[in-house]
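Structure, as structure tokens:
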Amino acid sequence: MTEQELDPLRKEILGQVSKAESRDQLEQVRVSALGRKGQVTQLMKTLGTLEAEARRAAGAALNRLKDEVEAAITAAADKLMHKDIERRLAGERVDVTLPVEIGGEGRVHPISQTTDELTAIFGEMGFKIAEGPHIEDDFYNFTALNIPPEHPARQEMDTFYLTEKRDGSRKVLRTHTSPVQIRTMLAEKPPIRIIVPGRTFRSDHDATHSPMFHQVEGLVIDRSTHMGHLKGCLIEFCRAFFEMDDLPVRFRPSYFPFTEPSAEVDIGCSREGGGLKIGPGADWLEILGSGMVHPKVLENCNIDPAIYQGFAFGMGIERIAMLKYGIPDLRAFYESDLRWLRHYGFQSLEVPSMVAGLQR
Amino acid sequence: MKLTLGWLKTHLATTASLEEIVRTLVMLGLEVESVEDRAKDLAPFTVARVISAEPHPQADRLKVCRVQTTQGEVQVVCGAPNARTGMLGVFAPVGSVIPRTKLLLKETQIRGVASRGMLCSEYEMGLSEDHEGIIDLPQGEIGQPFAAVLGLDDPVLDVKVTPNRADCLGVRGIARDLAAAGLGTLRPLDTSPVPGKFPAPTAVHLAGPDDKACLLYVSRLIRGLKNGPSPRWMQDRLKAIGLRPISALVDITNFLTFDANRPLHAFDFGKLKGDLAVRGARPGEMILALNGKSYELDSEVTVIADNDGVQGLGGVIGSETSGCTETTTSVLLEAALFDPVRTASTGRRLGIQSDARYRFERGLDPEMAVPGVELATRLILEICGGEPSEVAIAGAVPTWQRHYFLRSERAHTLGGVEVPADEQQRILETLGFGVSTREGGFSVAPPSWRPDIVGEADLVEEVLRVHGYDNIPVVPMTRDTPLPRQALSLGQRRAAIVRRALAARGLVEAVTFSFLPKAQAELFGGGAKELTLVNPISADLDVMRPSLLPNLATAAQKNLDRGLGDLALFELGPQYKDDTPEGQSSVAAGVRMGATGPRYWRDGGRPVDAFIAKADALSALAAAGAPVENLQISKDVPAWYHPGRSGTLRLGANALAHFGELHPGVQQALGAKQAIAAFEVHLDAVPVPRARPTKARSLLQLSPYQPVQRDFAFVVDKDLAAETLLKAARNADKTLVTGVRLFDVYEGKGLPEGKKSLAIEVTLQPQDATLTDAALEGLSKKLVEQVEKATGGMLRS
């Protein structure tokens with residue numbers, strides 16, 4: 001059996017393969033050619049009757065034929081499978097323009113987000129977060145902070161008072177976060193480096209005042225921190241928070257009963273064209289109060305002012321949030337209007353970090 | 001504190017520009033809140049002469065004026081009745097903008113006659129409400145800005161004086177600071193005694209040397225004077241700072257209050273009877289004060305009284321009965337030292353704010369009383385004439401002298417800037433401090449007008465603010481450690497994660513007030529007296545909140561009113577059990593109203609119920625690190641929950657969270673018109689994890705064998721808690737059973753009355769070998785037996 005002698009059979013089988021229209025038909029072709037009783041198999045069985053040399057030649061020719069047929073069947077099967085898929089796909093359709101729900105309706109309040117930003121920034125500078133009670137004793141809110149009862153600053157603070165007790169004492173709602181300075185200094189030994197974000201209360205309610213608002217307090221106590229550090233710390237903060245490396249920051253003398261020397265801090269802004277724009281410009285905007293902790297305050301906390309010193313600062317969280325995010329009205333922060341919360345709120349996973357960035 | 005530039009320059013010899021002065025004041029700590037430069041706004045409006053004013057040919061009430069201006073003759077049609085030939089008026093040229101109306105002036109025809117400009121009224125210039133006639137200037141040169149003619153060309157500065165700088169409540173104090181900053185020199189002030197012509201006739205009796213209410217009372221009579229209007233320069237200055245000129249005597253005392261920071265009082269001597277006593281008011285005593293109001297007084301109020309009764313409230317206000325009028329011919333001048341605290345409390349309790357009170361309560365220069373009287377005497381003699389008595393002094397100037405040591409290195413070690421010792425000395429001396437050099441620093445004596453200086457730190461501030469805060473070099477804040485340490489406490493960190501977990505579940509964070517109406521507090525177990533505000537901002541914000549839910553429910557309803565019905569709000573914040581620090585706790589609470597989500601073409605939102613609230617609570621607890629798989633659920637809940645549709649998540653006695661529908665009664669009382677699903681998670685109750693030596697997790701053991709799932713359904717009593725069944729199934733084989741999931745709850749057709757069917761999918765995870773059919777069969781049997789035993793139910797066939 002030579003190649004020539006096998007040619008008609010090859011043509012016949014390959015013809016059947018190419019004509020097969022389904023996987024079943026193709027299987028029939030395979031069986032009739034390569035099955036146990038198939039044409040090629042039958043011919044293989046006759047090889048034993050041949051002379052050794054003729055057997056070798058015929059065996060090789062038959063093997064080639066078998067390989068060729070197998071390859072043709074595999075190729076034809078592949079083709080048929082693709083045809084099947086195409087037929088199926090022709091009927092499988094969805095309207096991908098249908099809207100889907102992706103969730104993410106939840107929001108984090110701008111006050112929380114801003115507090116997290118403050119934490120991220122001051123945390124990098126080695127500050128820890130401290131907290132304290134909102135219902136305070138006169139001592140922590142005023143006296144220990146060098147604000148005696150007759151002090152004019154005390155009258156200007158619009159304090160909320162709680163009902164007087166039988167013993168004549170009455171608690172106040174803290175008018176600032178500063179009492180946490182006192183509590184921290186009484187409880188811990190220097191060095192101290194804290195910020196205190198939290199609720200504060202003043203009996204004032206108009207377009208620019210809310211009876212409850214949030215402040216963040218800062219306190220650094222050690223042996224050597226001075227006004228130069230105060231400037232360094234707060235300039236760095238302002239530029240990081242407003243994400244503006246060239247933000248002008250100005251310190252000017254001021255007065256707070258619990259700091260001496262005291263400084264008010266302004267940032268640069270422009271009011272050209274009626275709007276307010278933070279950044280280099282012709283104007284200044286007051287954003288926080290600061291100063292070196294008053295020696296009397298240290299004494300009130302059993303810290304020796306001959307050894308220790310440091311600075312404190314405080315600012316309104318809503319105020320800096322309003323400035324950064326262009327939120328126009330203070331009162332809206334507490335009105336829980338979903339439209340406002342969705343518009344000015346933040347995505348749940350938008351966690352501020354100095355490394356990853358304060359915002360997306 | 002308002003002052004004009006011209007006024008300032010009467011105390012400060014300077015060539016500095018207004019801008020320079022403003023900048024320096026700000027950097028000295030005297031914040032300039034505004035500068036009103038009226039001359040600038042009024043510059044286009046100049047003096048003009050009306051050459052002729054003829055009747056308008058077409059209109060009776062109009063006049064056609066020929067006006068001589070700096071640009072030549074101009075024709076103007078004018079409706080003012082007082083327009084007349086020869087008068088000097090204020091001319092607004094075409095192209096100028098009228099200050100009051102902000103209208104651009106254009107050339108126009110009025111009833112057929114051309115008008116090229118305008119003669120202006122005080123109203124149009126923004127000076128007053130008078131628009132009856134045009135401004136009739138007394139003098140002036142054609143073309144000169146009229147503001148200068150009317151004394152309006154002096155810029156007005158409004159300086160915000162901090163409470164410690166009482167000395168800057170006078171123009172002179174501000175001038176002194178500027179001089180120290182190198183912006184000129186302080187002009188001398190003549191306070192030398194004016195010789196008295198006769199003995200002071202009125203004796204003044206003080207309560208006693210130990211009574212601090214009034215330590216010093218200086219008085220002087222000036223008789224034979226004539227009261228009338230004060231001079232133009234004085235009126236201009238008073239008007240510029242917003243005071244109404246009244247008469248020379250009143251104006252002089254007002255002027256010195258602002259000029260020298262020395263409040264004075266001038267009694268009409270003719271109306272006083274007998275001696276004066278400075279004492280506490282007697283019960284029932286009254287005063288008709290200069291502000292026209294009557295006040296009833298008590299012993300806390302310091303009064304100045306004569307034989308007829310109260311003639312003044314010390315340091316606060318004078319009496320109408322002894323006040324100066326146009327007919328006054330003799331005055332008794334008073335310059336006293338009233339106690340700041342008493343003055344403040346008197347003013348506060350009677351509700352009287354006055355320029356005198358403002359100064360007394362901040363602390364006046366004790367050495368300025370006598371000079372103040374001399375300054376006033378000079379002005380009165382100059383303006384009103386008359387003859388002064390000798391000065392009578394009751395009491396004495398209290399001791400104010402003291403000194404502090406200032407280490408010269410403190411400017412650097414506290415202030416952060418090296419200031420040469422001689423510069424420190426110069427600054428302090430220019431500010432009026434006495435400075436003597438000592439080893440390592442100075443002995444510094446503050447001047448009498450600086451009661452705020454009480455120690456070294458104050459002196460450092462004085463040096464620094466004059467030297468300039470701008471000159472303090474910036475030093476970066478370095479950490480003690482190369483990397484920052486954890487800034488948040490465990491509780492703070494948990495709160496932060498819970499907040500973002502709830503937001504990730506689709507809840508929107510709100511921040512609501514810590515107070516609420518008492519009636520609402522009471523619904524939530526609050527409203528105690530100790531948590532009630534004495535001075536709430538309004539009656540519905542008068543009690544500290546015992547729970548976060550009332551405010552959230554109110555907010556939910558407000559949103560529903562806006563048409564935003566399907567909502568999920570949460571808050572993470574404080575609630576208050578009592579007034580101690582421990583009574584304040586941190587809670588994550590939330591409310592849902594309407595549906596759990598919007599309508600959707602597939603599976604839309606379901607109506608909110610106890611289960612969505614349970615899911616919220618559990619996810620918050622999981623985020624807080626609570627062992628949620630070990631929690632028990634009990635049915636005891638606070639009274640504000642629906643008793644049958646709520647639960648408590650607890651670890652033994654420790655209740656971590658409540659969830660469920662709000663009690664319909666409470667919901668209604670809160671004004672909410674729809675059912676509310678609510679939860680409260682007590683973050684402070686979540687246990688602190690045990691400290692472990694390593695952060696390593698337990699080793700993960702993965703079985704190579706396939707898990708097998710088997711479904712079972714049991715018919716149980718309707719009231720059976722599903723948890724009982726699930727627990728029994730889990731406990732059937734603690735190693736093999738790795739999961740039990742309840743996938744169907746069925747009641748109704750095909751089941752006996754009072755029964756329900758619970759279907760579970762049990763996951764069996766073989767550990768050592770594939771499960772044989774026999775093993776599987778055995779386990780299933782055991783599970784069914786145990787569940788049936790625990791629940792009293794039966795496998796559903």
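So the sequences go chain by chain: F and Y. According to this note's numbering, the first sequence is numbered sequentially starting from 1. According to this note's numbering, the second sequence is numbered sequentially starting from 1. Beta carbons are placed, not taken as given, at the ideal position from N, Cα and C, and that holds for glycine. Because the structure is a prediction, the values reported are computed rather than measured.
Once DSSP output is grouped into helix, strand and coil, what is the label at residue i?
i                 : result
Met125 of chain F : coil
Gln309 of chain F : strand
His229 of chain F : helix
Trp233 of chain Y : helix
Ile393 of chain Y : strand
Ser547 of chain Y : coil
Gly274 of chain F : helix
Phe811 of chain Y : Here chain Y has residues from 1 to 797 only, and residue 811 of chain Y is not among them.
Ala321 of chain F : helix
His205 of chain F : coil
Gln709 of chain Y : strand
Is residue i close to chain Y? Criterion is C-beta to C-beta, closer than 8 Å.
i                 : result
Pro133 of chain F : yes
Tyr378 of chain F : What the structure shows of chain F is the stretch from 1 to 360, and residue 378 of chain F is not part of that stretch, so it cannot be assessed.
Gly126 of chain F : yes
Tyr325 of chain F : no
His109 of chain F : yes
Ile147 of chain F : no
Pro328 of chain F : no
Ala362 of chain F : Nothing can be reported for residue 362 of chain F: it is not among the residues displayed for chain F, which extend from 1 to 360.
Ala207 of chain F : no
Ile235 of chain F : yes
Lys165 of chain F : yes
Measuring alpha carbon to alpha carbon, tell me which of the options ends up nearest residue i.
i                 : options                             : result
Lys231 of chain F : F:Pro261, F:Arg202, F:Phe256        : F:Pro261
Thr97 of chain F  : Y:Glu680, Y:Trp601, Y:Val688        : Y:Trp601
Trp284 of chain F : F:Cys269, F:Val40, F:His205         : F:Cys269
Lys529 of chain Y : Y:Arg279, Y:Leu189, Y:Asp579        : Y:Asp579
Gly314 of chain Y : Y:Pro201, Y:Val301, Y:Val90         : Y:Val301
Pro188 of chain Y : Y:Gln668, Y:Gly270, Y:Ile21, Y:Lys9 : Y:Lys9
Just to confirm, is the Cβ distance from residue i to residue j under 8 Å?
i                 : j                 : result
Phe570 of chain Y : Lys614 of chain Y : no
Asp204 of chain F : Asp266 of chain F : no
Val218 of chain Y : Trp7 of chain Y   : no
Thr119 of chain F : Ala487 of chain Y : yes
Gly455 of chain Y : Pro295 of chain F : yes
Lys677 of chain Y : Arg606 of chain Y : According to the sequence shown, residue 677 of chain Y is Ala rather than Lys. No; because the gap between Cβ atoms is not below 8 Å, this pair is not in contact.
Val745 of chain Y : Val762 of chain Y : no
His11 of chain Y  : Leu186 of chain Y : yes
Ala240 of chain Y : Pro145 of chain Y : no
Val278 of chain Y : Val204 of chain Y : yes
Let me see if you follow: with CB-CB separation under 8 Å, is residue i close to chain F or not?
i                 : result
Asn164 of chain Y : yes
Val608 of chain Y : no
Val474 of chain Y : yes
Gly504 of chain Y : Here residue 504 of chain Y turns out to be Ala, not Gly, going by the sequence shown. Ala504 of chain Y counts as touching chain F.
Leu783 of chain Y : no
Asn559 of chain Y : yes
Ala180 of chain Y : no
Just confirm the distance between the C-beta atoms of residue i and residue j, as a whole number of angstroms; I'd bet it's less than 8 Å.
i                 : j                 : result
Ala312 of chain F : Ser290 of chain F : 7 Å
Asp566 of chain Y : Pro598 of chain Y : 6 Å
Leu720 of chain Y : Gly793 of chain Y : 7 Å
Ser538 of chain Y : Gln575 of chain Y : That belief does not hold up - the Cβ atoms of Ser538 of chain Y and Gln575 of chain Y are roughly 21 Å apart, past 8 Å.
Does at least one heavy atom of the ligand COA sit under 7 Å from the Cβ of residue i?
i                : result
Thr70 of chain Y : Ligands are entirely absent from the displayed structure, and the ligand COA is therefore not among its contents.
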